[in-house]
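Student:
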Amino acid sequence: MNKQTTILVVDDEQTIREVVQRYLELEGFSVIQAETGTEALDILQTHSADLIVLDIMLPGIDGFAITRKLRNPADYAPLSIKGDVPIIFLTARTDEVDRIMGFEIGADDYIVKPFSPRELVARVKAVIRRSSVGASNS
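Here the working numbering runs 150 ahead of the position in the sequence shown, where the first position is 1.
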């Protein structure tokens with residue numbers, strides 16, 4: 151890794167954010183936290199992220215709405231990231247319809263709470279590896 155990979159973790163539960171941050175930092179990732187959808191969008195106006203771990207059920211703007219904004223950056227110009235930033239949903243929503251919707255609007259992976267932090271890290275690495283390969287093949 152030439153530059154440190156930055157991951158934005160968006161979850162309204164502080165404990166979840168801290169656990170995810172701890173495990174990701176142990177693997178050498180830089181982590182930025184946001185508690186709400188609005189805070190996440192504010193952060194993305196001034197910071198870039200290489201991947202986003204995103205809860206669906208957030209106060210204000212939910213994870214689905216954030217994903218739609220990120221996948222259609224022309225509709226939300228102030229963001230400092232590309233619309234193809236990898237997104238992993240980390241959520242308590244277990245219904246099949248939610249999982250399908252998540253993938254249809256642009257999620258790269260979908261993990262249901264409760265979750266294994268080690269599995270989350272493995273999935274983060276896999277998504278980054280795939281997105282890096284895709285970028286180098288472009």
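Here a beta-carbon is modelled for each residue, glycine too, at the ideal position from N, C-alpha and C. Because the structure is a prediction, the values reported are computed rather than measured.
Does the distance from the CB of Ile238 to the CB of Arg280 come in under 8 Å?
Tutor: For Ile238 and Arg280, no; Cβs fall outside 8 Å.
Student: Where do the ends of the alpha helix (DSSP H) carrying Ala215 lie?
Tutor: 213-221 is the span of the alpha helix (DSSP H), which, as asked, contains Ala215.
Student: Starting from Asp192, follow the beta strand (DSSP E) in both directions and report where the run begins and ends.
Tutor: Here Asp192 belongs to no beta strand (DSSP E); instead the alpha helix (DSSP H) covers 187-196.
Student: The beta strand (DSSP E) with Gln183 in it runs from where to where?
Tutor: Counting along the chain, the beta strand (DSSP E) containing Gln183 begins and ends at 180-184.
Student: Terminal residues of the continuous beta strand (DSSP E) containing Thr241?
Tutor: 237-241 is the span of the beta strand (DSSP E), which, as asked, contains Thr241.
Student: For Leu208 versus Asp258, is the C-beta distance shorter than 8 Å?
Tutor: No, the pair does not count as a contact, with Cβ atoms beyond the cut-off.
Student: Establish whether the CB of Arg167 and some CB of chain B are separated by less than 8 Å.
Tutor: Here chain B cannot be found, since the structure has a single protein chain.
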